[in-house]
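Comments concern the structure below.
Residue numbers (the UniProt record's numbering): 1 to 133.
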């Protein structure tokens, strides 16, 4: 976690400096670049702050141990279904929804219908058939 804390702090500082260089270079006339770079720097600082606060309440992770081995990080990282088709349909629905934002609002709302179907199916996947609780 220490590496991630340093990474996001460095990212926030770097993008913050680049934002002001870009603003000066563009004559402060660009209405998208400078504010978005500041928001990106803010995201880096928020992640740095969050990880720093979380690190105070947790023990040292296996990735922070300089003498650690790969097998120390072995274990269960969660439950997932590699055979599931629901994320594929949800991805196509999300692509259709973003396409709808570019075209017109009615296309976006039309894409929400299969999106809700696929997200419901993905959430309820382990409540049916062989994998029911």
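Glycine included, every Cβ here is placed at the ideal spot set by N, Cα and C. These numbers come from a predicted model, not from an experiment.
Residues near residue 12 in its chain [Cβ-Cβ closer than 7 Å; skip 5 each side] | Here residue 12 corresponds to residue number 12 of the chain shown, with the count starting at 1. For residue 12, where only same-chain residues beyond five positions count, the Cβ hits under 7 Å are 41, 44, 45, 48.
From residue 28 to residue 14, what does the alpha carbon distance come to, in whole angstroms?
-> As a position in the chain shown, residue 28 is number 28, starting the count at 1. As a position in the chain shown, residue 14 is number 14, starting the count at 1. If you take the alpha carbons of residue 28 and residue 14, they lie about 19 Å apart.
Tell me whether residue 37 sits in a helix, a strand or coil according to DSSP, three-state version.
-> Translated into positions along the chain shown, residue 37 becomes position 37. DSSP places residue 37 in helix when its eight states are reduced to three.
According to DSSP, is residue 57 helix, strand or coil?
-> Reading the chain shown from its first residue, position 57 is the one you call residue 57. Looking at residue 57 - three-state DSSP - the assignment turns out to be helix.
Just confirm the distance between the C-beta atoms of residue 19 and residue 38, as a whole number of angstroms; I'd bet it's less than 8 Å.
-> Here residue 19 refers to the residue found at position 19 when the chain shown is read from its first residue. Here residue 38 refers to the residue found at position 38 when the chain shown is read from its first residue. That belief holds up - the Cβ atoms of residue 19 and residue 38 are roughly 5 Å apart, short of 8 Å.
For residue 71, three-class secondary structure by DSSP | The residue labelled residue 71 in the question sits at position 71 within the chain shown. The answer is helix: DSSP assigns residue 71 an H, G or I state.
In chain order, what residues of the same chain lie with their CB nearer than 7 Å to the CB of residue 87, ignoring the 5 residues before and after it?
-> Translated into positions along the chain shown, residue 87 becomes position 87. For residue 87, where only same-chain residues beyond five positions count, the Cβ hits under 7 Å are 122.
Residue environment, residue 32, which counts as buried when at least 16 other CB atoms sit within 10 Å = Here the question's residue 32 lines up with position 32 in the chain shown. So residue 32 ends up on the exposed side.
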